[in-house]
Amino acid sequence: MAPVKCSLMHRRNKLVIWNRILGFVTVLFVSSQGIAEIAHDAHGSLSTHLKGLDRVLLEFEQYDVSQQLIQRGRLYLVQPGQFRMETDPASVLVVSDGTDVFEVDYLLEQVTVYSLNDEVRTSPLGLFLAPAEALLEYEVVEGVGATSDAYAVHAAGDDAATSEEIASIKTFVLFPNRDNQYVTRADLRFEDGWPATLDIAVAGGGSMRFLFVGHSELTTIDPDWFLAPPVGALEVIDHRSPTASDAANE
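According to the working numbering, the stretch in the sequence shown is residues 24 to 273, in order.
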């Protein structure tokens, strides 16, 4: 599929979408004791899956609500707190050095800086970066392939999934625990222990999908991957708290 060429207005819309992603926090309300126990077990299951994503490379495709491909990319993860996201076309770079998150948009000529501690609590990437901390914000509902993956269950003939393949599918559904201006729901699916899809329902009726199309373990790591990118003449937009910003600049 050929890369999608974006107008400046489309790029600004895409930036809004990414900022919505960075605003993601979810927790499920549960009331009855039985449901709470199920949620607790799901919480532990998701934690186990996420903690395995250390020193890994995830390749992804991002789609909008109309299923149009927005961008492809690669996500390098080293827990806790270090990551690098590169996109194709090479117009956006997101890097965490373990303290701060730097989002570079070369077309808009901007660098936006966030506190990593804030993003661990509010971004879906926080699940992959620091599961122990991020999951403090979550309750989780878990499904399995046999009940939640319609394609695997209902496919026939050569496309039919085996019982082992169905059992390898794990899905987790998350909802916000408080008013959230960005996200109303997220669905995270694993296959054979690796992320397969992340679907995010955006406040206002929109949605987006991340399809993870490849993965591998990182046998070597270049420390430069996780250094703050050079700013140069780019405009800097700092969303860190004054205390965090002052400490980083000392």
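Backbone N, C-alpha and C fix where the C-beta goes; we use that ideal spot for every residue, glycine too.
Check: Whole-angstrom distance between L197 and G67, CA atom to CA atom; Outcome: 14 Å
Check: Beta carbon of F106 nearer than 8 Å to that of P252; Outcome: no
Check: Terminal residues of the beta strand (DSSP E) in which A219 lies; Outcome: W217 to V225
Check: Which listed residue (L234, V117 and G255) has its alpha carbon closest to that of K93; Outcome: Reading the sequence as shown, one finds Ile at residue 93 and not Lys. It is L234 whose Cα lies nearest to the Cα of I93.
Check: Host beta strand (DSSP E) of H262 (start-end); Outcome: From DSSP, H262 is part of no beta strand (DSSP E); its letter is neither H nor E.
Check: Beta-bridge pairing of E109 - partner residues as DSSP gives them; Outcome: R97 and L116
Check: Per-residue burial, D123 [other beta carbons within 10 Å of its own, 16 or more giving buried]; Outcome: buried
Check: Buried or exposed (CB count within 10 angstroms, at least 16 for buried), P112; Outcome: exposed
Check: Buried/exposed call for Q91, threshold 16 Cβ in 10 Å; Outcome: exposed
Check: Where the beta strand (DSSP E) through R212 begins and ends; Outcome: V206 to E214
Check: Presumed contact (8 Å Cβ cut-off) between L81 and L69, rounded CB distance; Outcome: Actually they do not touch by this definition, with Cβ atoms about 16 Å apart.
Check: Beta-carbon proximity of L139 to S114, cut-off 8 Å; Outcome: no
Check: For F83, three-class secondary structure by DSSP; Outcome: strand
Check: Outcome for L250 when other beta-carbon atoms lying within 10 angstroms are tallied against a minimum of 16; Outcome: exposed
Check: E126, enclosing beta strand (DSSP E) - first and last residue; Outcome: D123 to D128
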